[in-house]
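Structure first, commentary second.
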Amino acid sequence: MTHTLTRSQTVVAWDGSEPARAALDWSLARNNDGELNLVRILDRTVSSADYFTEESTTVRAREVLKDDADRVSAKFPDLTVHADLRSGDPITELRALSGADTLVVVGTHRRRGSTLRYEWSMGARLAGSTNGPIAIIPEGDNKPHSGIVVGVDGSAASNAAVDFAAEEADRTGQELYAIHAWQEPLVWRDTTEPDAWFLQTLETSHRRILDESLLAVARRFPSLVIRASLVRGAPQSALLDAARGAALLVVGDHGQKGISKLLLGSVSHSIVLNIQSPMVVIPAPSA
């Protein structure tokens, strides 16, 4: 399944905060002549006085949101901007708005210190649980970024991520950096070095996965510069290292849900908790 989202709808989670502004700025820089849905969600999941928000507060929130949307529309006249005020659980509402032809964009604080504080952030909770791609944008650091990095593992989710990343790279004139990380079987780690011939055979097999994953996009985008890298090591570390200074990191998510993802871990989830550059998570395509 190929994601073609250049001119389709973008949903930006909006509350006026700095992370939300980073999400909006990234969305506008990416595409300013399509359709943008600026969504403000009044959280009704917290048991407090805020649950019984006065009608006047809701009216005021709607007015502020409309003013924000009007400012964006005035600055980008070719962009169709909608103001959407909702009430409920932010994760549930954003998940309902997601879809194969909709890119949901959320902001996040730039990562500092322990990743535990980000475990329940909106981006971490949404990643891999939406019905379509989700972009997670950290607050800007005002440094130049270039290149689009994509993780490759030969899975359906990875192939969808490669399609998305190649399309973005071709559209923006960026180079595509495809990373496939591999490790020796777990039984050999921290023990003796495995047989050299078997290790070479294993590396050759992983090289084939990387090369075959890029064949289709190389034919589809013949002028796209693709740099493929086979890395021996943990995929999380390889992708985070490659993404430093990148304009975008794209990863596929295999569809692991809820507590299983937290207990067992996943590449996409681990990267979200250590995010340093804009990132798009592509869910596994429906069967």
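Everything in the sequence shown is counted per the working numbering, starting at 926 for the first residue and increasing by one. Don't be surprised by glycine CBs; every beta carbon is placed ideally from N, CA and C. Since the model is a prediction, treat every value here as computed from it, not as a measurement.
> How would you label P1002, buried or exposed, when you count the other beta carbons within 10 angstroms and need 16 or more for buried?
Replying inline: As a first step, residue 1002 must be located in the sequence shown, where it is residue number 77. It is exposed - the Cβ of P1002 has fewer than 16 other Cβ atoms within 10 Å.
> Rounded to a whole number of angstroms, what is the C-alpha to C-alpha distance between P1147 and A1090?
Replying inline: Counting from 1 along the sequence shown, the entry for residue 1147 is found at position 222. Counting from 1 along the sequence shown, the entry for residue 1090 is found at position 165. A direct Cα-to-Cα measurement between P1147 and A1090 gives close to 15 angstroms.
> From this set, V1142, H1034, H1179, G1158, which residue's C-alpha is nearest N1199's C-alpha?
Replying inline: Within the sequence shown, the letter at position 274 stands for residue 1199. That would be H1034, whose Cα lies nearest to the Cα of N1199.
> Should T1027 be labelled buried (16 or more other beta-carbon atoms within 10 Å of its own) or exposed?
Replying inline: Along the sequence shown, read from residue 1 onward, the residue named residue 1027 stands at position 102. In summary, T1027 is buried, with 16 or more beta-carbon neighbours lying within 10 Å of its beta-carbon over all protein chains present.
> For P1063, does the three-state DSSP call read helix, strand or coil?
Replying inline: Taking the sequence shown and counting its residues from 1, one reaches residue 1063 at position 138. In the structure shown, P1063 sits in a strand (DSSP, three-state: E or B).
> Taking the C-alpha atoms as reference points, what is the distance between R1169 and Q1201?
Replying inline: To locate residue 1169, count along the sequence shown from 1; it is residue 244. To locate residue 1201, count along the sequence shown from 1; it is residue 276. If you take the alpha carbons of R1169 and Q1201, they lie about 7 angstroms apart.
> Three or more C-beta pairs closer than 8 angstroms, one from the stretch 1052-1059 and one from the stretch 1141-1160: is that the case here?
Replying inline: no
> Which class does P1015 belong to by DSSP, given the choice of helix, strand or coil?
Replying inline: In the sequence shown, residue 1015 corresponds to position 90, counting from 1. Here P1015 sits in helix by DSSP.
> Going straight from the alpha carbon of L920 to that of S1080, what length do you get?
Replying inline: Beyond the ends of the chain as shown, which are 926 and 1212, falls residue 920; an answer cannot be given.
>> Considering Cα atoms alone, identify which of I1016, Q1125, A994 is closest to L967.
In response: Position 42 of the sequence shown holds residue 967. With distances taken between Cα atoms, L967 lies closest to I1016.
> Would DSSP call R988 helix, strand or coil?
Replying inline: For the purposes of this step, residue 988 is identified with residue 63 of the sequence shown, where counting begins at 1. Sequence check: residue 988 is Glu here, not Arg. Helix at E988.
> For the beta strand (DSSP E) that R969 lies in, which residues bound it at each end?
Replying inline: Along the sequence shown, one-based indexing puts residue 969 at 44. No beta strand (DSSP E) contains R969, which DSSP labels as neither H nor E.
> Would the beta-carbon of G1048 fall within 8 angstroms of that of V1031?
Replying inline: The residue you call residue 1048 lines up with position 123 of the sequence shown. The residue you call residue 1031 lines up with position 106 of the sequence shown. Between G1048 and V1031, the C-beta gap is smaller than 8 angstroms, which places the two residues in contact.
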